[in-house]
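Undergrad:
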Amino acid sequence: MSDTVTLYTYFRSSCSARLRIALHLKNIPFNPVFINLLRDEQSSEAHRAINPSGTVPALVVQNSSGTSVTITQSLAALEYLDETFPQTPKILPNDAESRALVRTLAQIIGCDIQPVTNLRILKRVAPLGADRTVWSKDLIEDGLRAYETIVAKSAGKFSVGDQITLADICLIPAAWGAERVGVDLTAFPVTNGIVQRLENEEAVRLGHWKTQPDTPEELRV
Numbered sequence: 001m002s003d004t005v006t007l008y009t010y011f012r013s014s015c016s017a018r019l020r021i022a023l024h025l026k027n028i029p030f031n032p033v034f035i036n037l038l039r040d041e042q043s044s045e046a047h048r049a050i051n052p053s054g055t056v057p058a059l060v061v062q063n064s065s066g067t068s069v070t071i072t073q074s075l076a077a078l079e080y081l082d083e084t085f086p087q088t089p090k091i092l093p094n095d096a097e098s099r100a101l102v103r104t105l106a107q108i109i110g111c112d113i114q115p116v117t118n119l120r121i122l123k124r125v126a127p128l129g130a131d132r133t134v135w136s137k138d139l140i141e142d143g144l145r146a147y148e149t150i151v152a153k154s155a156g157k158f159s160v161g162d163q164i165t166l167a168d169i170c171l172i173p174a175a176w177g178a179e180r181v182g183v184d185l186t187a188f189p190v191t192n193g194i195v196q197r198l199e200n201e202e203a204v205r206l207g208h209w210k211t212q213p214d215t216p217e218e219l220r221v
């Protein structure tokens, strides 16, 4: 009996996209369960029993031993996949210094950029009178400036050298979200070059929000 992987996902969710890309990159078969955020399905009692935060994604792995693990934060889930599914490519480098650099970049995305694109955060901004698109665009650009400064020194083909890492898996969905609110990625030339190269990767195409079974027909490629 092999491990069974289930991913609770939504096509527009950048955190869900991280896991979709990683699963495809490692050629790990998974069963998607689609949670429609616009219909508030993430807040249902059934979903909160899986993910108490009432968000997506949630990664559930039924191990061959019969035990099950549920991980409800994408960065933790990505590291779990790298540790428990050792098939290449690895998304964290072998040396401690490079791992710390990759995690730093991933957390710039996860802590500084992604939260301001989160639907439940944006819903709370609008009643305060702020233009939520302008508000999120400014903060995304702040995060991308920090990302650009670091990768200007670390980049090869991708963010840290020439292999796709955890940082890149977080970057590309963030770039999709940035473009939606009008960020000009060419203002960040090193980062933009990395994004363009990532767009050509099969795992990224398979994980793209436009190609998901729950993507509305009018938004599909």
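Here the numbering used here is used: the first residue of the sequence shown is 1, the next is one more, and so on. Don't be surprised by glycine CBs; every beta carbon is placed ideally from N, CA and C.
Take G207 as the anchor and find which of V5, S14, G177 has the nearest alpha-carbon.
TA: Here residue 207 refers to the residue found at position 207 of the sequence shown. The residue with the shortest Cα to Cα distance from G207 is S14.
Undergrad: Which residue spans inside the stretch 55-124 form an unbroken alpha helix (DSSP H) run of at least 4?
TA: Here the runs fully enclosed are 74-84, 96-107.
Undergrad: If we call anything under 8 Å between Cβ atoms a contact, is K26 one with Q87?
TA: By 1-based counting over the sequence shown, the position of residue 26 is 26. By 1-based counting over the sequence shown, the position of residue 87 is 87. Result yes, Cβ atoms of K26 and Q87 sit closer than 8 Å.
Undergrad: Beta-carbon within less than 8 Å of E179's beta-carbon, same chain only, minus the 5 sequence neighbours each way: which residues are those?
TA: Taking the first residue of the sequence shown as 1, we reach residue 179 at position 179. Taken in chain order, the residues that qualify are L185.
Undergrad: Within 10 angstroms of the Cβ of S16, are there 16 or more other Cβ atoms? Answer buried if so, exposed if not.
TA: Along the sequence shown, one-based indexing puts residue 16 at 16. It is buried - the Cβ of S16 has at least 16 other Cβ atoms within 10 Å.
Undergrad: Since I believe V183 is in contact with I140 (beta carbons under 8 Å), could you give me their beta-carbon distance rounded to a whole number of angstroms?
TA: Within the sequence shown, residue 140 is the residue found at index 140, counting from 1. Within the sequence shown, residue 183 is the residue found at index 183, counting from 1. Yes, they are in contact, since the Cβ atoms of I140 and V183 sit about 6 Å apart, within 8 Å.
Undergrad: Does DSSP put G161 in a helix, in a strand, or in coil?
TA: Reading the sequence shown from its first residue, position 161 is the one you call residue 161. Reduced to three states, the DSSP call for G161 is strand.
Undergrad: I'd like the ranges of any alpha helix (DSSP H) spanning at least 4 consecutive residues and lying wholly in the stretch 4-28.
TA: 14-25
Undergrad: Between which two residues does the alpha helix (DSSP H) holding P32 run?
TA: Position 32 of the sequence shown, counted from the first residue, corresponds to residue 32. Note, P32: premise wrong, no alpha helix (DSSP H); beta strand (DSSP E) at 31-34.
Undergrad: Across which residues does DSSP place A155 in a beta bridge pair?
TA: Here residue 155 refers to the residue found at position 155 of the sequence shown. G161, per the DSSP bridge assignment.
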